[in-house]
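Here the structure comes first, spelled out in structure tokens, and everything after it is commentary.
Number of protein chains: 2
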Amino acid sequence: MAEFKVTPWDVEGMVDYDKLIKEFGTQPLTDELLEKTAVLTKSELPLYFRRRFFFSHRDYDLVLKDYEEGRGFFLYTGRGPSGPMHIGHIIPFFATKWLQEKFGVNLYVQITDDEKFLFKPNLSFEDTKRWAYENILDIIAVGFDPDKTFIFQDSEFTKIYEMAIPIAKKVTYSMAKAVFGFTEQSKIGMIFYPAIQAAPTFFEKRRCLIPAAIDQDPYWRIQRDFAESLGYYKTAALHSKFVPPLTGLEGKMSASKPETAVYLTDDPEEAGKKIWKFALTGGQPTVKEQREKGGNPEKCVVFKWLEIFFEPDDKALLERYHACKSGALLCGECKRYLIKKVQEFLKEHQKRREKAKDEIEKFKYTGELAREQWDKAIPEPLRR
Amino acid sequence: MAEFKVTPWDVEGMVDYDKLIKEFGTQPLTDELLEKTAVLTKSELPLYFRRRFFFSHRDYDLVLKDYEEGRGFFLYTGRGPSGPMHIGHIIPFFATKWLQEKFGVNLYVQITDDEKFLFKPNLSFEDTKRWAYENILDIIAVGFDPDKTFIFQDSEFTKIYEMAIPIAKKVTYSMAKAVFGFTEQSKIGMIFYPAIQAAPTFFEKRRCLIPAAIDQDPYWRIQRDFAESLGYYKTAALHSKFVPPLTGLEGKMSASKPETAVYLTDDPEEAGKKIWKFALTGGQPTVKEQREKGGNPEKCVVFKWLEIFFEPDDKALLERYHACKSGALLCGECKRYLIKKVQEFLKEHQKRREKAKDEIEKFKYTGELAREQWDKAIPEPLRR
Chain G
693 MAEFKVTPWD VEGMVDYDKL IKEFGTQPLT DELLEKTAVL TKSELPLYFR RRFFFSHRDY
753 DLVLKDYEEG RGFFLYTGRG PSGPMHIGHI IPFFATKWLQ EKFGVNLYVQ ITDDEKFLFK
813 PNLSFEDTKR WAYENILDII AVGFDPDKTF IFQDSEFTKI YEMAIPIAKK VTYSMAKAVF
873 GFTEQSKIGM IFYPAIQAAP TFFEKRRCLI PAAIDQDPYW RIQRDFAESL GYYKTAALHS
933 KFVPPLTGLE GKMSASKPET AVYLTDDPEE AGKKIWKFAL TGGQPTVKEQ REKGGNPEKC
993 VVFKWLEIFF EPDDKALLER YHACKSGALL CGECKRYLIK KVQEFLKEHQ KRREKAKDEI
1053 EKFKYTGELA REQWDKAIPE PLRR
Chain U
693 MAEFKVTPWD VEGMVDYDKL IKEFGTQPLT DELLEKTAVL TKSELPLYFR RRFFFSHRDY
753 DLVLKDYEEG RGFFLYTGRG PSGPMHIGHI IPFFATKWLQ EKFGVNLYVQ ITDDEKFLFK
813 PNLSFEDTKR WAYENILDII AVGFDPDKTF IFQDSEFTKI YEMAIPIAKK VTYSMAKAVF
873 GFTEQSKIGM IFYPAIQAAP TFFEKRRCLI PAAIDQDPYW RIQRDFAESL GYYKTAALHS
933 KFVPPLTGLE GKMSASKPET AVYLTDDPEE AGKKIWKFAL TGGQPTVKEQ REKGGNPEKC
993 VVFKWLEIFF EPDDKALLER YHACKSGALL CGECKRYLIK KVQEFLKEHQ KRREKAKDEI
1053 EKFKYTGELA REQWDKAIPE PLRR
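Chains as they are written, first to last, in this note's numbering: chain G, 693 to 1076; chain U, 693 to 1076.
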């Protein structure tokens, strides 16, 4: 069996997701839970759930029960602004948007400009604040409800510090070290950071649901250890797989290797060229062989990208699968199809991203939920 | 020679202050510096300086130079709100008030309700916030300029978190451990705290002067290590001695032993009884012996309290000294004199403390300096 490694700071090799569920001690996202989701939302499931891009969870059953019984829940996710966002970063936000829309719940998006500055030796605070702005535009472009979504930067919404304090009294150096691998040379800001990341799970006295890639799960284990002792819920989570890099099915896309990813701000023409040049397919070495033996969609990044995001039509995807297997479809055609889909997406996203510049103030400060949170943060005499 | 120990969390034994200057590597507060202070402020020095209650410093010479050459400086001090304040806590605030008034400079007073909650296992966050309110009243009663003084609680003025981040990227766990003695079981909030305490030294792009008891000096050594690398000044400090407990010249007053201290909120009658009962004097066992041999003002807490704070008249103090040495003065008379002075002080202080309830908003939020700091902390769209 292929070796693989998944930690919050590293994903290597071909990931065995069933094994990951056992290793991390999470639960598989069952047919039953997905059916219940469809029933409660009176909606068809989007491809992220239908196709098991989200495949594992913690306490999602309890989230649905809370919703069913009127206690409700809220969503929390985040982004570490250390560079531009790519396709792999944005897909979980689309799944989150679906959840917000269908369940009608609040969403908190933490932009951890403090974390990225602290953990990246070569980034200045100015850098991460600048990336925060850029990344927020991409997030807004997904189309969240501006009155039910609060996007906050840790360096600005510093009320988060006060909320982190009781958490930081529950977590010892030894506990944090076990999860994050700190050493004597770790900076004291890094050591404190887990408290800042856990704080938003207490923004409401309801259960918190975090949709995120499974590598983020260890961060929440500490929260689940002490949450109840502070009178709150253990946070729930929905875990996604990774979007594979263009260059192969192993690992995840990396900001330091531009050929592995399509960035949301890439020029569509250039993105097309990049896919054409770097995308790994499951095809045979020659057209002749392909016609005879057929391709391997299971080993094909192009097919994976279509499956995960770019081909929402199940019937079309299945036809493509069989056409590939039978040798009727050649890799060039398939790549061109993906390129068209990616370019359409980028054009549309970039248009919405431009519009987001006018909406940023609402999501960060003046929307209903944002205003409510800031009102709690600013002392009364200064609000007059 | 008597053993003694001075760390930020413990003072034991009879302190040898000259030895402390050598051990801590600070500078003695020389006649020359005090004369320069008098000249620059065009004022007579108050007893705290005249009588060397402040006895040591770091870079106070540079502070005076900055002032002289028009660059100015600012003052920073603080209070950890874990209980009521006593005489020993308030005296450095009087010295600070003198410095503010005479140099006309800004003062920042940090109320560390986060620190006390994090470091005291038995205090709740609500407890330290409540003590913050009580302590702030005592501090305001000292008579600071409400437009040049910003009193802020860490749990409220959380902008401090953002300012602490670049500091927290400079300090490793190992550095913090060396100063604070952290262990594997230390809470991650405690480990981060040194960054929060250092942040106010960067509130202005001028040199910061911290008047505080010498046991606080180690906290600032870390600041002095990295300040210049962040483009700021190493902080300067003026170090005071400790006000001895009523019960003897060793150690310092302790909140856990009420007989050692006079609290600012003590009923003046009760305070008088406490002094009468517990104050250690340098007297002889009998009146007869006292008349023959004379007393020991050097070993007398009553005399020390008069010297440090309650007898500002140098001539009167000297006469008292000689009267004691000669046997003319008995301990009872001296105690009664101190009691009268303490009671007068308490009555006056408690009156001003009552008035402080109407001024608290100005010092915390709406005074000129407070407003300026909050304006930096609240994002523009929320200030409209």
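Backbone N, C-alpha and C fix where the C-beta goes; we use that ideal spot for every residue, glycine too.
These numbers were taken from a predicted model, which means no experiment stands behind them.
Which residues in the same chain as residue i place their Cβ atom closer than 7 angstroms to its Cβ, once the five residues preceding and following it in sequence are excluded?
| i | result |
| --- | --- |
| residue 852 of chain U | 846, 888 and 891 |
| residue 728 of chain U | 756 |
| residue 772 of chain G | 804, 807 and 808 |
| residue 820 of chain U | 773, 774, 805, 808 and 809 |
| residue 1035 of chain U | 960, 963 and 964 |
| residue 855 of chain G | 891 and 894 |
Excluding the five sequence neighbours on either side, which residues of its own chain have a C-beta within less than 6 angstroms of the C-beta of residue i, listed in chain order?
| i | result |
| --- | --- |
| residue 733 of chain G | 794 |
| residue 976 of chain U | 982 and 985 |
| residue 842 of chain U | 800, 1061, 1062 and 1065 |
| residue 719 of chain U | 749 |
| residue 988 of chain G | 974 |
So with Cβ pairs under 9 angstroms, would you call residue i a contact of chain U?
| i | result |
| --- | --- |
| residue 800 of chain G | no |
| residue 832 of chain G | no |
| residue 861 of chain G | yes |
| residue 851 of chain G | yes |
| residue 1055 of chain G | no |
| residue 1061 of chain G | no |
| residue 722 of chain G | no |
| residue 848 of chain G | yes |
| residue 1070 of chain G | yes |
| residue 877 of chain G | yes |
| residue 1008 of chain G | no |
| residue 694 of chain G | Unreliable placement is indicated for residue 694 of chain G, whose pLDDT of 47 sits below 50; the coordinate value is still reported in the next sentence. No, residue 694 of chain G does not count as interfacial toward chain U. |
Roughly how many whole angstroms lie between the Cα atoms of residue i and residue j?
| i | j | result |
| --- | --- | --- |
| residue 714 of chain U | residue 792 of chain U | 29 angstroms |
| residue 914 of chain U | residue 872 of chain U | 11 angstroms |
| residue 939 of chain G | residue 950 of chain G | 10 angstroms |
| residue 980 of chain U | residue 930 of chain U | 44 angstroms |
| residue 922 of chain G | residue 897 of chain G | 11 angstroms |
| residue 962 of chain G | residue 911 of chain G | 36 angstroms |
| residue 798 of chain G | residue 1072 of chain G | 24 angstroms |
| residue 838 of chain G | residue 826 of chain G | 18 angstroms |
| residue 1045 of chain U | residue 829 of chain U | 5 angstroms |
| residue 1051 of chain G | residue 802 of chain U | 37 angstroms |
| residue 1012 of chain G | residue 995 of chain G | 9 angstroms |
| residue 694 of chain U | residue 943 of chain U | With a pLDDT of 47 at residue 694 of chain U, under the threshold of 50, the modelled position of this residue cannot be trusted; read the value that follows with caution. Taking the straight line joining both Cα atoms gives about 12 angstroms. |
In chain order, what residues of the same chain have a beta carbon less than 8 angstroms from the beta carbon of residue i, not counting five sequence neighbours either side?
| i | result |
| --- | --- |
| residue 778 of chain U | 945, 947, 953, 954, 955 and 956 |
| residue 1009 of chain G | 998, 999 and 1003 |
| residue 993 of chain G | 936, 937, 938, 939, 940, 941, 971, 972 and 973 |
| residue 849 of chain G | 1065, 1066 and 1069 |
| residue 1019 of chain G | 982, 983, 984, 985, 986 and 987 |
So, does the CB of residue i fall closer than 9 angstroms to a CB anywhere in chain G?
| i | result |
| --- | --- |
| residue 949 of chain U | no |
| residue 770 of chain U | no |
| residue 955 of chain U | no |
| residue 881 of chain U | yes |
| residue 806 of chain U | yes |
| residue 963 of chain U | no |
| residue 989 of chain U | no |
| residue 865 of chain U | yes |
| residue 730 of chain U | no |
How about residue i and residue j: do their beta carbons lie closer than 9 angstroms?
| i | j | result |
| --- | --- | --- |
| residue 933 of chain G | residue 879 of chain U | no |
| residue 840 of chain G | residue 1053 of chain G | no |
| residue 810 of chain G | residue 906 of chain U | no |
| residue 763 of chain U | residue 916 of chain U | no |
| residue 895 of chain U | residue 919 of chain U | no |
| residue 1074 of chain U | residue 823 of chain G | no |
| residue 750 of chain G | residue 927 of chain G | yes |
| residue 721 of chain G | residue 742 of chain G | no |
| residue 870 of chain G | residue 883 of chain G | no |
| residue 752 of chain G | residue 787 of chain G | no |
| residue 864 of chain G | residue 865 of chain U | no |
Regarding residue i and the ligand MN, is the C-beta to nearest heavy atom distance less than 8 angstroms?
| i | result |
| --- | --- |
| residue 927 of chain U | Ligands are entirely absent from the displayed structure, and the ligand MN is therefore not among its contents. |
* Selection of the segment 817-841 of chain U by Cβ proximity to chain G, strictly under 9 angstroms -> Listed in sequence order: 817.
Taking Cβ-Cβ distances below 8 angstroms as the criterion, which residues of the segment 903-929 of chain G are in contact with chain U? Correct list: empty, as no residue qualifies.
Please name the residues in the segment 1016-1050 of chain U whose beta-carbon is closer than 8 angstroms to at least one beta-carbon of chain G, in chain order.
Cβ contacts with chain G come from no residue of the segment 1016-1050 of chain U.
**Message:** Output needed in chain order: residues of the segment 978-1003 of chain G with a Cβ under 8 angstroms from some Cβ in chain U.
**Reply:** Against chain U - using a Cβ distance shorter than 8 angstroms - the segment 978-1003 of chain G contributes no residues.
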